[in-house]
Every structure is written in structure tokens, then in C-alpha cells.
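Please read the structure below before turning to the comments.
There are 2 protein chains.
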Amino acid sequence: MNGLLTDLYELTMAACYFETAKADEKATFEFTIRQLPPHRNFVLAAGLPHIVDYLLNLSFTSEEIDYLRNLAQFRNASTAFWDYLRRFRFTGDLFAVPEGTPLFAGEPVLTIRGPIIEAQIPETYVLSAIAFQTLIASKAVRSVEAAGGRDVVEFGTRRAHTPEAGVLGARAAYIGGCSGTSNTLAGFRYGVPVMGTAAHSWVMSFPCEMEAFRRLQRVLGDSTVQLLDTYDSLEGARHAAKLGSPLWGVRIDSGDFLSLSRQIRTILDEAGLRESKIMASGDLDEYRIRDLVNAGAPIDAFGVGTQLATSADAPSLSATYKMVELDIRGIQRYTAKYSEDKISVPGSKQVFRDVARDVIARSAECGKGEALLRPVILGGSLVEPLPTLEQARERAARSVASLAPALRQLEVGEPWPVIYSRELRELVDRTRRNLVG
Amino acid sequence: MNGLLTDLYELTMAACYFETAKADEKATFEFTIRQLPPHRNFVLAAGLPHIVDYLLNLSFTSEEIDYLRNLAQFRNASTAFWDYLRRFRFTGDLFAVPEGTPLFAGEPVLTIRGPIIEAQIPETYVLSAIAFQTLIASKAVRSVEAAGGRDVVEFGTRRAHTPEAGVLGARAAYIGGCSGTSNTLAGFRYGVPVMGTAAHSWVMSFPCEMEAFRRLQRVLGDSTVQLLDTYDSLEGARHAAKLGSPLWGVRIDSGDFLSLSRQIRTILDEAGLRESKIMASGDLDEYRIRDLVNAGAPIDAFGVGTQLATSADAPSLSATYKMVELDIRGIQRYTAKYSEDKISVPGSKQVFRDVARDVIARSAECGKGEALLRPVILGGSLVEPLPTLEQARERAARSVASLAPALRQLEVGEPWPVIYSRELRELVDRTRRNLVG
Chain A
25 MNGLLTDLYE LTMAACYFET AKADEKATFE FTIRQLPPHR NFVLAAGLPH IVDYLLNLSF
85 TSEEIDYLRN LAQFRNASTA FWDYLRRFRF TGDLFAVPEG TPLFAGEPVL TIRGPIIEAQ
145 IPETYVLSAI AFQTLIASKA VRSVEAAGGR DVVEFGTRRA HTPEAGVLGA RAAYIGGCSG
205 TSNTLAGFRY GVPVMGTAAH SWVMSFPCEM EAFRRLQRVL GDSTVQLLDT YDSLEGARHA
265 AKLGSPLWGV RIDSGDFLSL SRQIRTILDE AGLRESKIMA SGDLDEYRIR DLVNAGAPID
325 AFGVGTQLAT SADAPSLSAT YKMVELDIRG IQRYTAKYSE DKISVPGSKQ VFRDVARDVI
385 ARSAECGKGE ALLRPVILGG SLVEPLPTLE QARERAARSV ASLAPALRQL EVGEPWPVIY
445 SRELRELVDR TRRNLVG
Chain B
25 MNGLLTDLYE LTMAACYFET AKADEKATFE FTIRQLPPHR NFVLAAGLPH IVDYLLNLSF
85 TSEEIDYLRN LAQFRNASTA FWDYLRRFRF TGDLFAVPEG TPLFAGEPVL TIRGPIIEAQ
145 IPETYVLSAI AFQTLIASKA VRSVEAAGGR DVVEFGTRRA HTPEAGVLGA RAAYIGGCSG
205 TSNTLAGFRY GVPVMGTAAH SWVMSFPCEM EAFRRLQRVL GDSTVQLLDT YDSLEGARHA
265 AKLGSPLWGV RIDSGDFLSL SRQIRTILDE AGLRESKIMA SGDLDEYRIR DLVNAGAPID
325 AFGVGTQLAT SADAPSLSAT YKMVELDIRG IQRYTAKYSE DKISVPGSKQ VFRDVARDVI
385 ARSAECGKGE ALLRPVILGG SLVEPLPTLE QARERAARSV ASLAPALRQL EVGEPWPVIY
445 SRELRELVDR TRRNLVG
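Protein sequence lines, in the order shown, are assigned to chains A and B.
Letter by letter, the first sequence follows residues 25 to 461 in the numbering used here.
Letter by letter, the second sequence follows residues 25 to 461 in the numbering used here.
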């Protein structure tokens, strides 16, 4: 299952390793954040459960193997290789930073160690799954910070890159601190709280707005959220006010949110609907939320869609999955890439975080502070159940709250100090001398 | 299946329509491109087969229904509504523009007509699936145009927003004219030609590059593509040249592609490897491809990843799914949204394309030129098999080739004329008077 959900070269490399009698060499690959995206002071790790699922279920069906056998690239592959693929299972180890952990440039997110083919094939899937969910969690936390305690609800599935990306994005946004999502499947599958209001089509399906509002209220009771802007938001607010309770709240989806929210608040208050909330949605991002909050707009909840679901100002993460160590029948080699503009750092690593800085060290070192990478899979088996989604969300809230204030601002500030340990620096120099010297 | 893969409000609206005895009203919804993304002169429609699959399989499992029953929003829903959901199937009609058709701002991509609940629920899925694949196909065609006949291969799964988005993106990029993809599953599932080269880890797993290259060649034969930049691209080229044939080609993945490709071409030619190709990859987009082509870089194939797989300069499409008509037990109503900054156009539509312009007309009008929207599903059944992927790709190539030259440039030019028919303009005025007057 999922064996072909990878770049072809991972599989041609598998064949080459196998045919070159290298299949029993043990490799360590690291997923590393090369650079922070623009406008980010940190990223928030997310997506680990999907990597675990992937690794524990990675295999090849006979149809998939037949497909590969007919490709020119595999013309010289032996029957033994196809037998190997047929029996393929992940038997290695996975070390990873828990979901909800803030990370900085140069830091590893996870390490996969195992027979070289088993560690090579996951590259494509791991990069995509972790990077995407990390981007969304990282974007979500910015809107949540900007909202200063008001609710932020993820509304973006319709703009996500496939509906399924909407489901995973909703989950990641919840880790980042969103209060919930409009994505129903994310509720069913992951337990993310789901929220919904009303559609323009509902209002449009009645001859007049008042009738539409009355009927909605009758079915939805105290879950009623009236959508005000089908024709005219203020007129809509007067209609909602006239109908009175039950009314959870109203939603404005276009227009000048500051001025509208103030006028609507007055209309609702004067009708005695002080408990009814105002939600705003439509082209919102963290900057617009901050402006509205700073201006004192009486908005209780923000629905954030497009900008969040696509991480629009940073739709990709500069990350690498590189081999850092190779154990060739007991002989340890450290590996790195030293091309002109893309350099990788050899050796399996650990990150130690204390109150003043992060130290990237070699994995066997002892360090001060919290060791961020933890064993998740050993010898192909899950070490212990992963933290729940709620635990990941709490970890995120706690970790973000403890970051230096400059890192929590929307603007890019002084970076958090991340240094290499002396042992790691020595390894870098030694490896470079061996390879290039 | 997939019943919950939608925004919650689609389902609360379903309950409200049902409980208000509106379930037998027949609605027409249109998916419309509101605005072209920045830097685009047109978009290329893609993703239709996934909408067809979705509609033909849309249903709710008992577990999904139990989940909904426990949500506060459905507290007042009747047993009859849950029975309705249990039997739910799409019985309506789908009209759509074929994949590979260029479209412009204001134009409909598809129309769904059926009982109002059946037409409402698909909104979220349709917006996401069509918009994403359309964005990728539209981005791909730009790189292909810039490459002026040289191959462009889609390499972006690792940056796609989930691995599955990588598969669908690879398919869309192929429609847009890419020669192939690195995504193996896109090959297996859709027949997209797959390509692969070699990994840095392969080179790094040997004590020296020469040995790595030799072993690769022995397994891959004339599919061999040597990756040159693990340590030094020119030194890599000399190693590849020394080994000679068989060698499909080499890949450079970092550095100054213009200067490197010239030097490498010379190295290969001097070794008699005139047939071996040079492929470049790494942070490429249509602008860099154009610059390299214009400068005469001897590059035969471009691997495009991040920018293509995320449509990085336009990661979302401004599109709407709005109710345009409602048939209430035989009485026809035309519906539109007239809020401050978001206006929709009432009435079911057709687009007629001739050599001079597009005319958006009412669906029952006769027009000049090609009628773009065609029946795909009628009464819940597929009318005829959809065009194959190859046919969609050919349609795209043919349609793009026939566009005005200004529209095929990378820069935004004079827009293609898109006008409303007189009948449609009259309907817009009449509807507005009825609603607002």
C-alpha cells in the first residue's frame, strides 16, 4: 500500500542499492528545515501521525510491482529484487519532534534509520506530508496570536489543494490553536470541533430574507448563525434582531468589517441580544485580524479560509531529507552534500532546547534542556501511542506561550539562537575534509 | 462515502431545506471563475473526472450519520431527515467544460442541477478539487510555453500540499503540457509518463563519486541519468564523461545553470556523448526557464517542482459556487447575491467561444461558435465516458495554440473579450429589480 506514492527515483535507487548488494547497509536520513518561510519566526511541527501510518503500512501490491516491471528504468532489475519488493516492510526506526513543537531554521524534524532502501523510499511522502501540515499549523498560530483570545475558526477546505488536504489542514490548524473547523470530516475523523453557519443559497432560496432567517432559526435553534450579507448586511442585522432569540450569532462575509461590526453590535444590543456573537469571514488573514482587534472591532470570532488553508504567503517549506550516516557492515560513514548552494550537515542529530537557546548536537551527546527528538518507531514497531490531537494542541499553546515575545509577533524579529555543539562542528569539518580534501 | 468531506454548513443547510419542506425544490448552482489569478491570462480547466467520481459515489455511512446526529446543530433534525441521508444519492445533472479548455474571468466551469440538497452539498468538494487542478494545469502550461519545445517534467510531489495532491497535481501538469512526472502513482493510476534520475544519497553512499556513477550505469543502462552536483557539478560531468555510454543524460540541481550547462555540454561532446541530454532542476519556474532558453542554455529538459506543485505565485483561485436558479414546484426563480463587493449573476449559463470573443449567454440560447459547457451527468448517470487524459492534454495543446499570442505570453496582456449576451443582461437587470427594488 502506498508503495508507489513516491518519486520514481526513490524506487530506481532501491533497485540500484539492491542490485549493488547494498541493501543491508544501514542508513540514517534526516528531515531538516533548511530555512524558515518568509514572514515566519518559527514553524510549528505537525503531521507526525501520517508518517507513522505511512511507515507502518508501506508495501507494494502485485499490480504495483507489475507496473514497475514494465518500466524501461527497471529493465535490468532481477527477480530477486521483485521478490524483495513483494515482501517489503519498514523494519527501521523513526525519531521525531512531537507535534506542536516550534522549530527554527537548520533544525531536524525527524530521523529515519534503517536498511538503506527502507530509509530512501519514504523521502517524497515524508517531505510532503510533514511540510504541508507544518505550514498550516504555523500559519494558524499567527491568526490565533493576532486574535488575542477571540476565536479563530478554519474555513478553508474549499481553497485547499484537494479536499483531502482540507481535512489534514483543518487538523493542523487546530494544533495551531484554531477553535474549530468547518470541515465535517476533520470532526468525524480527528475530533476537531466543527462549526457552521448558513449559506447564501439558503437566503436566496426564499422570496425574502426575513422568511429565510425565521425558518433557519426554527430548525437550528440556539445554534442559529444568520448570514447577513446576501443583499445588505445592516438590513440583514435588523431582520435578525427583529426575530430575537434563539440566536447564537450573525456572520458578515463582505464589506467594511470594522464599521459593520460596530453598527451590527448596536442593532443587536438594542434588541436585547447582548449574548449573540458577531463572526467575520472573507479574505481574512493574521494582519487584517490584528488591525480589526486593535481598532476594537466588536467581532467575537474570525473565520479564516483561503490564506490559512493554502498558507498563501508561504505555500512551501524549504526542507530537505538527506542521508547523514551510513553503516556499511559495521563501518560508520558520515555523509553530506557540499554542492555550491545546498549544503547538508552530516551525522545523526538531537536538538536540546533550554531557556536561552537551541543546541543542535550529535544524537549520542548529553545536552542541557529538553531533547526534542524522541523515539517513535523502533524496529518497525510503534514505541508507544502517539500523543492525542488535544495533547499536541496543548503542547503547541504551551510552547508558543513560552517563546520570546519578539518571536510571537507577526513581523520577523531577531532569530532565536540556534547553535551547533562542538562535537557536531568537529564532525562537519572532519567529513568535509574526508570528502573534499 | 465522502458525505462528510464538505463544510458543515452544507449539511446544516441540507437539514434546514429538508425540515422546511424544500427538499423537492430544484436548484441550479454554478461554479464560476470570479477573477483570474495574478500573472495569468487564462486558466486551463482540469479536475472534472474527480467531480464525476465524487457525485456518482456521494453517500453517507451509518457511522457518519451517527456522528452528525450527536452534533448540537442537528438537535432538531427529524428521523425522516436521517432516513433521507441514509438513502442519499446524487440524482441530478452535471454540465461542464471539458478538461484542457482555457477559461477567463467571469466564466462558468460547471453547473450542477438537481434537488436543492443534492446540489448544495457538493459545493466544498467541487470548489477545492476543480480549483486546485485548474491552478496546476494553468501553471504548467506557462513553463511549457517558456520552454519552447524542450521537455518540462513535473518534479513537485515533495512540495505538494499532501502526497495525494502531488498525484493529482502531476495529472493536471500533464494536461498542461508537461512531458511527464516523477510521481510514480500518477503513472500507475493515470498513465502519466514517469521519469526519474538519481538521488544525492546514492552518490553519498559510495566512497567516491566515480564508483557511484559506474554502479548506477550498470543497473540502469540507457535509462542512466547521473546527478552531478553532490560535490561539484563540473567534476561530476567529467566523471560521467569518462564512463561514456550508455548515458541518457545528466542532471544539474544547483549552481549557475547557464554557465554550468555550457561547460557540461562541452565536456559531454568532447567525450563523444552528443546524444546525452542535460536536465536542470532546482527552484525553476517559467521565468527562469524563459531566461535560460533565451540565453541559449544547452538544456534539454527542465524539472520543475515547488513553484509548479503549489502554483506558488497563485496558490488559490478566486472562484464561487452560487445558486443561479430555483424551480419551486414549477415556478422558476432566478437568484443572485448583491452584497457590497461580491456579486453573482443569475440564471443557468452557456459560454460560446468564436474566433473573436467569448459570449456568456443563457443556457437555452443559441450562439455562435463552440458551446463550452456540455452534459456530463444526467439524472445521476454518466452520459458517456469522459475524454481520456491524452485527449484532455491534446485539447489543451490545441486550444492554447489557437489563443491570441498576447494571451500566451508570461506577462499579463490585453484580456480576451468576454461579454454577456443581451438576454443574460436583461435577466441580470430584471433579477436585481425584483430583489432589491
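The C-beta atom is built at its ideal place from N, Cα and C for all residues, glycine as well.
The secondary-structure analysis by DSSP pairs serine 83 of chain B across a beta bridge with B/Asn26. Annotation note: the region 210-290 of chain B contains the following uninterrupted alpha helix (DSSP H) runs of length 4 or greater, listed N- to C-terminal: 224-228, 233-244 and 257-267. Of the other Cβ atoms in all chains shown, fewer than 16 fall within 10 Å of the Cβ of arginine 353 of chain A; this residue is therefore exposed.
Between glycine 329 of chain B and the set B/His185, B/Glu349, B/Val150 and B/Glu88, the nearest pair of CA atoms involves B/His185. DSSP, read as helix, strand or coil, puts isoleucine 145 of chain A in coil. In the three-state DSSP reduction, lysine 46 of chain B falls in the coil class, being neither helix nor strand. When Cβ pairs closer than 8 Å are counted between the two stretches, the region 188-201 of chain A is seen to touch the region 413-429 of chain A, the count reaching three or more. Interface criterion met: the Cβ of leucine 244 of chain A is under 8 Å from a Cβ in chain B. Taking 8 Å as the threshold, the shortest C-beta distance from serine 152 of chain B to chain A falls below it.
Excluding five sequence positions before and after aspartate 382 of chain B, the CB atoms of its chain that fall closer than 6 Å to its own CB belong to Val375 and Val442, given in chain order. Between the region 218-230 of chain A and the region 243-259 of chain A, the count of Cβ pairs shorter than 8 Å is three or higher; the stretches touch. Rounded to the nearest whole angstrom, the CA to CA distance from glutamate 294 of chain B to serine 269 of chain B is 13 Å. Bridge pairing for proline 126 of chain A: A/Leu68 [DSSP].
The region 144-161 of chain A makes no contact with the region 300-320 of chain A, as fewer than three CB pairs between them are under 8 Å. Judged by DSSP in its simplified three-state form, glycine 193 of chain A adopts helix. Residue pairing by DSSP puts proline 399 of chain A in a beta bridge opposite A/Phe119. Assignment of leucine 134 of chain A by DSSP, reduced to helix, strand and coil, places it in the strand class. Chain A has no Cβ within less than 8 Å of the Cβ of tyrosine 311 of chain B. Approximately 7 Å separates the beta-carbon atoms of alanine 333 of chain A and threonine 181 of chain A; this is inside 8 Å, confirming the contact. Taken atom to atom, the span from the alpha-carbon of leucine 292 of chain B to that of leucine 258 of chain B is near 11 Å.
Residue burial annotation: glutamate 435 of chain B is exposed, with fewer than 16 other C-beta atoms found within 10 angstroms of its C-beta. Of the candidates B/Ile384, B/Arg422, B/Ala421 and B/Val400, the residue whose Cα lies closest to the Cα of isoleucine 57 of chain B is B/Ile384. Arginine 417 of chain B: member of the alpha helix (DSSP H) spanning 413-425, first to last residue.
For alanine 333 of chain A, the enclosing alpha helix (DSSP H) has its first and last residue at 330-333.
For alanine 336 of chain B, the neighbours in chain A by C-beta distance under 9 Å run, in chain order, Pro339 and Ser340. A direct Cα-to-Cα measurement between phenylalanine 179 of chain B and tryptophan 106 of chain A gives close to 25 Å. Taking a C-beta distance under 8 Å as the contact criterion, alanine 194 of chain A and valine 168 of chain A do not qualify as a contact pair. The DSSP-derived three-state label of glutamate 389 of chain B is coil. The C-alpha of isoleucine 323 of chain A lies about 29 Å from the C-alpha of proline 126 of chain A. Flagged as an interface residue toward chain B: leucine 192 of chain A, by a C-beta distance shorter than 8 Å. Beta-bridge partners of phenylalanine 105 of chain A (DSSP): none assigned.
Contact between phenylalanine 66 of chain B and leucine 427 of chain B holds: their C-beta atoms lie close to 7 Å from each other, under 8 Å. Look at asparagine 207 of chain A here: in three-state DSSP terms it is strand. Residue pairing from DSSP places alanine 304 of chain B in a beta bridge opposite B/Ile276 and B/Phe326.
Residue environment: arginine 422 of chain A is assigned as exposed (fewer than 16 neighbouring CB atoms within 10 Å of its CB, all protein chains considered). Taking a beta-carbon distance threshold of 8 Å, phenylalanine 84 of chain B does not count as an interface residue toward chain A.
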